[in-house]
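If you read the protein sequences in the order shown, they are chains A and B. Residue numbers for the first sequence follow my numbering, beginning at 1 and rising by one. Residue numbers for the second sequence follow my numbering, beginning at 365 and rising by one. Here a beta-carbon is modelled for each residue, glycine too, at the ideal position from N, C-alpha and C.
2 protein chains.
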Amino acid sequence: MHGTDWRVWFALEEERKEPGRERDHQTTTMDLHILDHRLRVTSISKNGLENYTHPLIKLIFLRNRTRCKFFSLTETPENYTVVLDEEGFKELQASEDLQVEGSVWLPLNVVSNGNASSSSQAVGVTKIARSVIAPLAQQHVSVFMLSTYQTDFILVKEKDLSVVIGTLEEEFDIFREVGGESVPVHSPCEPNGFQKNGKEALQPTVHPVLIPLNQFCVMSLDPDTLPAIATTLIDVLFYSNSPKEGASSAPSPPELDRVKFFSFSLIDGYISLVMDTEAQRQFPADLLFTSSSGELWRMVRIGGQPLGFDECGIVAQISQPLAESDISAYYISTFSFDHALVPEEDIVSVTAVLQQQRKEPAAS
Amino acid sequence: MHGTDWRVWFALEEERKEPGRERDHQTTTMDLHILDHRLRVTSISKNGLENYTHPLIKLIFLRNRTRCKFFSLTETPENYTVVLDEEGFKELQASEDLQVEGSVWLPLNVVSNGNASSSSQAVGVTKIARSVIAPLAQQHVSVFMLSTYQTDFILVKEKDLSVVIGTLEEEFDIFREVGGESVPVHSPCEPNGFQKNGKEALQPTVHPVLIPLNQFCVMSLDPDTLPAIATTLIDVLFYSNSPKEGASSAPSPPELDRVKFFSFSLIDGYISLVMDTEAQRQFPADLLFTSSSGELWRMVRIGGQPLGFDECGIVAQISQPLAESDISAYYISTFSFDHALVPEEDIVSVTAVLQQQRKEPAAS
Numbered sequence: 001m002h003g004t005d006w007r008v009w010f011a012l013e014e015e016r017k018e019p020g021r022e023r024d025h026q027t028t029t030m031d032l033h034i035l036d037h038r039l040r041v042t043s044i045s046k047n048g049l050e051n052y053t054h055p056l057i058k059l060i061f062l063r064n065r066t067r068c069k070f071f072s073l074t075e076t077p078e079n080y081t082v083v084l085d086e087e088g089f090k091e092l093q094a095s096e097d098l099q100v101e102g103s104v105w106l107p108l109n110v111v112s113n114g115n116a117s118s119s120s121q122a123v124g125v126t127k128i129a130r131s132v133i134a135p136l137a138q139q140h141v142s143v144f145m146l147s148t149y150q151t152d153f154i155l156v157k158e159k160d161l162s163v164v165i166g167t168l169e170e171e172f173d174i175f176r177e178v179g180g181e182s183v184p185v186h187s188p189c190e191p192n193g194f195q196k197n198g199k200e201a202l203q204p205t206v207h208p209v210l211i212p213l214n215q216f217c218v219m220s221l222d223p224d225t226l227p228a229i230a231t232t233l234i235d236v237l238f239y240s241n242s243p244k245e246g247a248s249s250a251p252s253p254p255e256l257d258r259v260k261f262f263s264f265s266l267i268d269g270y271i272s273l274v275m276d277t278e279a280q281r282q283f284p285a286d287l288l289f290t291s292s293s294g295e296l297w298r299m300v301r302i303g304g305q306p307l308g309f310d311e312c313g314i315v316a317q318i319s320q321p322l323a324e325s326d327i328s329a330y331y332i333s334t335f336s337f338d339h340a341l342v343p344e345e346d347i348v349s350v351t352a353v354l355q356q357q358r359k360e361p362a363a364s
Numbered sequence: 365m366h367g368t369d370w371r372v373w374f375a376l377e378e379e380r381k382e383p384g385r386e387r388d389h390q391t392t393t394m395d396l397h398i399l400d401h402r403l404r405v406t407s408i409s410k411n412g413l414e415n416y417t418h419p420l421i422k423l424i425f426l427r428n429r430t431r432c433k434f435f436s437l438t439e440t441p442e443n444y445t446v447v448l449d450e451e452g453f454k455e456l457q458a459s460e461d462l463q464v465e466g467s468v469w470l471p472l473n474v475v476s477n478g479n480a481s482s483s484s485q486a487v488g489v490t491k492i493a494r495s496v497i498a499p500l501a502q503q504h505v506s507v508f509m510l511s512t513y514q515t516d517f518i519l520v521k522e523k524d525l526s527v528v529i530g531t532l533e534e535e536f537d538i539f540r541e542v543g544g545e546s547v548p549v550h551s552p553c554e555p556n557g558f559q560k561n562g563k564e565a566l567q568p569t570v571h572p573v574l575i576p577l578n579q580f581c582v583m584s585l586d587p588d589t590l591p592a593i594a595t596t597l598i599d600v601l602f603y604s605n606s607p608k609e610g611a612s613s614a615p616s617p618p619e620l621d622r623v624k625f626f627s628f629s630l631i632d633g634y635i636s637l638v639m640d641t642e643a644q645r646q647f648p649a650d651l652l653f654t655s656s657s658g659e660l661w662r663m664v665r666i667g668g669q670p671l672g673f674d675e676c677g678i679v680a681q682i683s684q685p686l687a688e689s690d691i692s693a694y695y696i697s698t699f700s701f702d703h704a705l706v707p708e709e710d711i712v713s714v715t716a717v718l719q720q721q722r723k724e725p726a727a728s
């Protein structure tokens, strides 16, 4: 861990705990950091996971054996999405079970570093909906979101970086992390050289959504206690689809209206876990922690057909109405679909908003 | 665990702790149990191990997910020897990295159940050298030995079982464990129907031996604390041949005159570990335990060329001189070679005995 990251993370932690200190995007000089990771977005087929047990266990549990600093694994009913840096990526042998998105992706991170007061209590992707997500959608930049317990990573394609900088530099001081240093960056051309789209109406495709019944928790764990949950985590990640032989009772039938979703990330030494309450019960209660409010989250899965990686505005489709209603949300993109997690008590209003949106797509 | 096993194991534990209670083989009615496991002896190539990470981690750590009750994994410089019952074996997919010995093997176990005094303090294979190992060698029965922290398993081929029973029933009360019951067994024919070899001289091939410099420990672990060493054990078993990326200093060069040897077994709920002192230092000191004497062991590796599975008398070649000198020994057969572990303080005399034997093979 280099010093800069600690500062960034500390600021973020504070922000999550004290949302009142968060800056309003309209008054801001917030910082945007382009982190020092070159990421690949990959997918492992359901049946192929066991062939990747060896490298994945190394990346998750054996920090001494890898230089990988950015690792995320998310199980969905369709596949396992693995997002990881180049050091991690070289551990994954090519096979017919591994799909690799062609781009290099760079993670962006918004850092609030001041004392400004905010009108919004919402956290997560909601907080950056107007300042980051909407402008990028308007400039036709596709994003891949990865919310964790600690922060929200906005992944953009490396080839889009100059457009990203040109789009966001009015709103943010932009820094690029290079070997532990934060280097200010500006649009490569003169200030007006970047040709922005005008304030044209943003009309993203409205994708169908699915709202499963599971309740989710977003949790973290002291990395030093990761070994203590290793066998449970291995069981849940790698063996949850095989039957329990020792169980005396018959396995409970899969519930309709629930969706398998489990996400683990280990990024710059920080662990984040997203799981439903059923998975949570398998872990020792005293090691995983969540925010003091201990709230539960419901999922909105976005997409009827796999979304691909080129369409822009998908995150905006969800985050804008959430921002209008000031509803917090985590947002996790995967290889096939996107997933927003909203507070359980807000799911009814979120559902209403999204149904309304399907009927009459809103102009921005 | 069924009740019978508990009794057997308890008796064995007592015996290990109080060698004075052990019966002398000449005065005995010791019991021999044919355990209720049908075993396969397999070998995984060094480079192929990672392809078997998924099933092996399941067999080692996830007792709820498997019915396998007999599992042993031993790393040697040549390969990984995996001995396991049929429930475990069906987890291992065929591949060019997996060699499978053709026979079904049955584990035998000697149980001392009485109060007779003994002239011998030695434990392990030494204790059964005269009563089991020598007679089986004389009847051309090949054995595959597997000593653990708790006991010594003598594996014989299922097809040799009637010869084994005929050979050993004079010396032992023989029981077959069937579904938790101990059923007395006798030679299938009338007492004299089994044609024994006479008291002809036993002259096994004398194999070259290798005596590496490592010091070994034979240890155990409460199965409930296995999760606490999971990441260390996974690291040692599955990743010890890949470099440590995080290590600041260069890896130490492999020492000449040392041999890689690490054995883990989980048999009927009991864990046994054999490792050298270098591997031991990677484990938390408070979880693994060894006998109160805490002694260290030196290895005698038997065989210049891989031994195969048909030759008989290999174990006898080592265990008889040890019995004559009353030196304890663990004995672990692997796919390629056999390994005896003798107390560190006895290695000089053992070496002398074996050198003598090479010059003039002893008649029994």
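Inset, instruction - Whole angstroms is fine: what's the gap from Leu354(A)'s alpha carbon to His207(A)'s? - result: 10 Å
Inset, instruction - Report yes if the CB atom of Leu403(B) is closer than 7 Å to the CB atom of Asp449(B), and no otherwise. - result: yes
Legend entry - Closer than 7 Å to chain B by CB, Ser248(A): Annotation note: pLDDT 49 at Ser248(A) (below 50); position unreliable, coordinate value reported separately. So no, Ser248(A) is outside the interface.
Legend entry - CB contact check: Tyr239(A) to chain B, cutoff 7 Å: yes
Inset, instruction - Quick one: list the residues of chain A neighbouring Leu426(B), beta-carbon separation under 8 Å, in chain order. - result: Thr231, Ile234, Asp235, Tyr239
Legend entry - Rounded straight-line distance, which links the Cα of Asp537(B) to that of Ala480(B): Only weak support exists for where Ala480(B) lies, its pLDDT of 49 falling under 50; the value from the coordinates is given anyway. Each residue's alpha carbon lies about 16 Å from the other.
Legend entry - Beta-carbon gap between Val342(A) and Ala329(A) smaller than 7 Å: yes
Inset, instruction - Please compile the residues from chain C whose C-beta is within a distance smaller than 8 Å of the C-beta of Ile57(A). - result: Included in the structure are the protein chains A and B, with no chain C among them.
Inset, instruction - Would you list the one or two residues that DSSP bridges to Arg662(B)? - result: Val706(B)
Inset, instruction - Closer than 8 Å by C-beta to Phe216(A): which residues in its own chain qualify, once you throw out the five before and the five after it? Chain order, please. - result: Phe261, Val274, Met275, Asp276, Thr277, Leu296, Trp297, Arg298, Met299, Leu341
Inset, instruction - Identify whether Tyr331(A) lies in helix, strand or coil by the three-state DSSP scheme. - result: strand
Legend entry - CB of Thr729(B) within 7 Å of CB of Pro227(A), strictly: Only positions 365 to 728 of chain B appear in this structure, which leaves residue 729(B) out of reach.
Inset, instruction - State buried or exposed for Asn241(A), treating a residue as buried only when at least 16 other CB atoms are found within 10 Å of its CB. - result: exposed
Inset, instruction - Answer with yes or no whether the minimum CB distance from Glu50(A) to chain B is below 7 Å. - result: yes
Inset, instruction - Please classify Ser291(A): does DSSP put it in a helix, a strand, or coil? - result: coil
Inset, instruction - Have a look at Leu413(B) and Ile696(B) and give me their C-alpha separation to the nearest angstrom. - result: 20 Å
Legend entry - Given 8 Å, three or more beta-carbon pairs between the region 521 to 532 of chain B and the region 461 to 470 of chain B: yes
Inset, instruction - Give a yes or no on whether 7 Å exceeds the smallest Cβ distance from Pro591(B) to chain A. - result: yes
Inset, instruction - Would you mind working out which of Gly544(B), Gly466(B), Gln514(B), Gly488(B) sits nearest Asp586(B), comparing C-alpha positions? - result: Gln514(B)
Legend entry - Whole-Å CB distance - Gly124(A) paired with Ser142(A), under 8 Å assumed: Not a contact, Cβ separation roughly 19 Å.
Inset, instruction - With DSSP as the reference, please indicate the residues paired to His33(A) in a beta bridge. - result: Asn109(A), Phe175(A)
Inset, instruction - Note down, in chain order, every chain A residue with its Cβ under 7 Å from the Cβ of Ser606(B). - result: Arg65
Inset, instruction - Kindly list the residues whose CB is nearer than 6 Å to the CB of Glu345(A), restricted to its own chain and excluding five residues on each side of it in sequence; keep chain order. - result: none
Inset, instruction - Taking only beta-carbon positions, decide if Asp369(B) is within less than 7 Å of chain A. - result: Its pLDDT being 37, under 50, Asp369(B) is placed unreliably by the model, and nothing is read from it.
Inset, instruction - Can you have a look at Asp599(B) and say buried or exposed, based on whether 16 or more other CB atoms are within 10 angstroms of its CB? - result: buried
Inset, instruction - Could you give the DSSP three-state label for Gly488(B): helix, strand or coil? - result: strand
Legend entry - 7 Å Cβ cutoff, Gly269(A) in contact with chain B: no
Inset, instruction - Output the boundary residues of the beta strand (DSSP E) element that contains Ser72(A). - result: 70 to 75
Legend entry - Backbone secondary structure at Ser319(A) - three-state DSSP: helix
Legend entry - Beta bridge counterpart(s) of Thr445(B) as assigned by DSSP: Ser407(B), Thr438(B)
Legend entry - Helix, strand or coil at Asn115(A) [DSSP, three-state]: Residue confidence is low: Asn115(A) scores 49 on pLDDT, short of 50, so the model does not pin down where it sits. Its coordinate-derived value is still stated next. Reduced to three states, the DSSP call for Asn115(A) is coil.
Inset, instruction - Please classify Pro306(A): does DSSP put it in a helix, a strand, or coil? - result: coil
Legend entry - Supposed close pair Phe699(B), Ser495(B) - CB separation, criterion 8 Å: With 8 Å as the limit, Phe699(B) and Ser495(B) do not qualify as a contact, their Cβ atoms being about 27 Å apart.
Inset, instruction - Kindly give me the distance between the Cβ atoms of Lys46(A) and Asp268(A), rounded to whole angstroms, as I take these residues to be in contact under 8 Å. - result: With a Cβ gap of about 29 Å, Lys46(A) and Asp268(A) do not count as contacting.
Inset, instruction - Measure the alpha-carbon distance for Leu213(A) versus Arg301(A) and round it to whole angstroms. - result: 11 Å
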